[in-house]
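Participant: Using the numbering used here, the first residue of the sequence shown is number 745, and each one after it goes up by one. Glycine included, C-beta positions come from ideal geometry on N, C-alpha and C. These figures come from a predicted structure and were not determined experimentally.
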Amino acid sequence: MAEPEGSDLLSSSTGVVDGTEVRDTGDPSSRATLVVLGGSANYNKLSLSMSAPVMIGRGAECALRLSDTGVSRHHAKVHYDSATESWFVTDLSSRNGTFLNGRPIKSASLGSGDYILLGTHALLIFTRFDPLDEQIQRARRMESIGALAGGIAHDFNNVLSIIMANVSYLTHRLRASPDLELMEVLGECEEAVKRGADLSREILRFSRAGEDLRVTLRLDRIAADMARLLRRITPRSIDIQVPDHGPVWILGRQSQLDQIVLNLGKNACDSMPDGGQLLIDVRNGDPGEVALSVVDTGPGMDEQTLSRIFEPYFTTKAAAGGSGIGLATVRRLCDELRATIDVRSVVGQGTRFDLRFARATEPSRQTLDNINTTAELTGWVLVVDPDPAVRRATCRMLSTVGYDGVPVSSAAELEATLRKRRGDFRWIMVDPQVTCGDPAKCLEILDRTAPGVGLLLISDLRIDTPPDPRIIGFLMKPFDRDHMKAVIATFDAFYLDAARARVERQLDPSTQ
């Protein structure tokens, strides 16, 4: 990998302290620095070497020379101890002493941010780059960004849910006497809502990672699909290749994997405005692993840029409208999938991303031939959501597939309605937000009031569902009529009757 231009400056630069030249003995690998805050040379700093101690004092032979009468000729030294992998400051029998964070010391270990007082006026601060500290700080930054963006995206998703439900309702009503222009307008509205939903889900990944359920997927097909999309939105001068190595199975979420492949591919294409080659290679790697490689022939990156590519909102394409969240999203999704990601880049040659996932077992083939998803469904459904407009729009959409929706706003109202109308509902549609985001609390309400009723969860956030046969499915907000009907029909056919029979057996004393 090419070294960034000027990388040798750390070991050869010089500084000036009170008009006196000071040699910088810094070792780039140590990333430790002494900064002079008080005394005769404020705001000067000296990089430290792990291989040679740094003498501090008024003597000409000291690496850090301070023209302060309270400082001895050889006052103190700072050195690295390889046995303990720690930095130390040691007083050299100075006449006015050395103080660490206000306490006199003979010798003491240093931590980043420690203050060193020499004599009465010379004040230094010790700083050190620590990869672990950097990871912690990065995690905190991500958490803060996610908390802010996630709250906005959650409210935005509720708005999209209302629009999507009403668009689906109007589209269904117009099918009886179609108005081609109105149908076209509604179709454009639906596509716009879907694009907005994709954007809000990408933002939500920085907070609580709203997602659909994990299933076994073919990563090779996802790569091929994303390559087709990239070919439509990138110049023809970019040659996109996706070798076919056969089926490659992985356990994950469709939108997670779509985002990973699309963001890596789009980032590579954006780096080649004058054309080039992009390889998206999916294959079975080492035993138990799946490999995804995205390789471009773009300009590559220097080491400084490479070290920041996963930071949220860091971009080298600001003038071209780059958002700086694409690669940060990839990093976050890889963490969620417990995947590893390795990046290599050489200036003038290109960049290569290598990802490793756990391999999944090929699923057994199951057919849904016995499910009639075109048949109209019937019955009463409780719709539990804290947003009144979402409740109304969802009930309206349910009416188009044969169900009568009953809107409910809270957990208390849910329990009261189930007690009052016991036996009226086969299943309920609920956003767990009404029970502080915990589906288990919804099940507790069913235990007390209607044990045989199924639970269909709706949310814009990923939900960890308890293993209970009454949980019949999950719908990611915003959802349209066709998606809702397909999920209802599938689970209605396969699971509801079995779940009810199982619960009834558990409650029947004769089976105990």
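1. Using DSSP with H/G/I as helix, E/B as strand and the rest coil, what is Met1220?
2. Have a look at Pro1222 and Phe832 and give me their C-alpha separation to the nearest angstrom.
3. Rounded to a whole number of angstroms, what is the C-alpha to C-alpha distance between Lys789 and Asn840?
4. Under the three-state reduction of DSSP, which class applies to Arg919: helix, strand or coil?
5. Under three-state DSSP, which class holds Phe713?
6. Determine the direct distance from the alpha carbon of Leu1022 to that of Leu973, and round the result to whole angstroms.
7. Taking Ser1051 as the reference, which of Asp1086, Arg802 and Val779 has the closest Cα?
8. Beta strand (DSSP E) containing Asn845: first to last residue?
9. Quick check on the burial criterion: 16 or more other C-beta atoms within 10 angstroms. Buried or exposed for Ala936?
10. Count the other CB atoms within 10 Å of the CB of Asp812; is the residue buried (16 or more) or exposed (fewer)?
11. Leaving out five residues before and five after Thr960 in sequence, what residues of the same chain have Cβ atoms less than 8 Å from its Cβ?
12. What residue range is occupied by the uninterrupted alpha helix (DSSP H) comprising Ile1069?
13. Please report the residue range of the alpha helix (DSSP H) in which Arg975 lies.
14. Taking buried to mean at least 16 other C-beta atoms within 10 Å of its own C-beta, is Pro979 buried or exposed?
15. Should Met1220 and Ala909 be called a contact, given that it needs their Cβ atoms to be closer than 8 Å?
16. Output the distance between the C-alpha atoms of Ser981 and Gly1019, rounded to the nearest integer angstrom.
17. How would you call Ala1305, buried or exposed, if buried means at least 16 neighbouring beta carbons within 10 angstroms?
18. What residue ranges within the stretch 1149-1181 form continuous alpha helix (DSSP H) runs of no fewer than 4 residues, ordered along the chain?
19. I'd like the list of long-range same chain contacts for Gly1123, defined as Cβ closer than 7 Å, with 5 residues on each side in sequence excluded.
20. Between Val1039 and the rest of its own chain, which residues show a CB-CB distance below 6 Å, the 5 nearest in sequence each way excluded?
21. In or out: Leu753 buried (at least 16 other Cβ within 10 Å) or exposed?
22. Going by other Cβ atoms of all chains shown within 10 Å of its Cβ, with 16 needed for buried, is Met1129 buried or exposed?
23. Rounding to the nearest angstrom, what Cα-Cα distance links Arg1225 and Ser1203 in this structure?
24. Quick one: is Gln1000 buried, meaning 16 or more other Cβ sit within 10 Å of its Cβ, or exposed?
25. In this structure, does DSSP put Thr685 in helix, strand or coil?
26. Give the single residue among Asp835, Asp825 and Ser856 whose Cα lies nearest to the Cα of Leu862.
27. Do Val1145 and Ile1172 have their C-beta atoms within less than 8 Å of each other?
28. Within its chain, find whatever has a CB closer than 6 Å to the CB of Ala1155; leave out the 5 residues flanking it on each side and keep chain order.
Facilitator: Looking at the coordinates:
1. Assignment of Met1220 by DSSP, reduced to helix, strand and coil, places it in the strand class.
2. 58 Å
3. 23 Å
4. Arg919: coil per DSSP, three-state reduction.
5. No answer is possible for residue 713: the residues shown for the chain start at 745 and end at 1256.
6. 14 Å
7. Asp1086
8. Per DSSP, Asn845 lies in no beta strand (DSSP E) segment and is marked neither H nor E.
9. exposed
10. buried
11. Trp993, Ile994, Leu995, Ala1104, Thr1105, Glu1106 and Pro1107
12. Here Ile1069 belongs to no alpha helix (DSSP H), and DSSP marks it neither H nor E.
13. Leu963 to Ile977 is the extent of the alpha helix (DSSP H) around Arg975.
14. exposed
15. No, Cβ-Cβ distance for Met1220 and Ala909 is not below 8 Å.
16. If you draw a straight line from the Cα of Ser981 to the Cα of Gly1019, it is about 4 Å long.
17. Since the displayed the chain opens at 745 and closes at 1256, residue 1305 lies outside it and no answer follows.
18. 1155-1164
19. These residues qualify, in order along the chain: Tyr1147 and Arg1170.
20. Only Leu1023 and Arg1096 meet the Cβ criterion.
21. For Leu753, the predicted structure reports a pLDDT of 23, less than 50, and the residue's modelled location is therefore unreliable. The matter cannot be settled from this model.
22. In the sequence as displayed, the identity of residue 1129 is Asp instead of Met. Classification for Asp1129: buried.
23. Distance between the alpha carbons of Arg1225 and Ser1203 is about 16 Å.
24. With 16 or more other Cβ atoms within 10 Å, it is buried.
25. Here the chain comprises residues numbered 745 to 1256, so residue 685 is not present and cannot be evaluated.
26. Asp835
27. no
28. Cβ within range, chain order: Val1178 and Thr1179.
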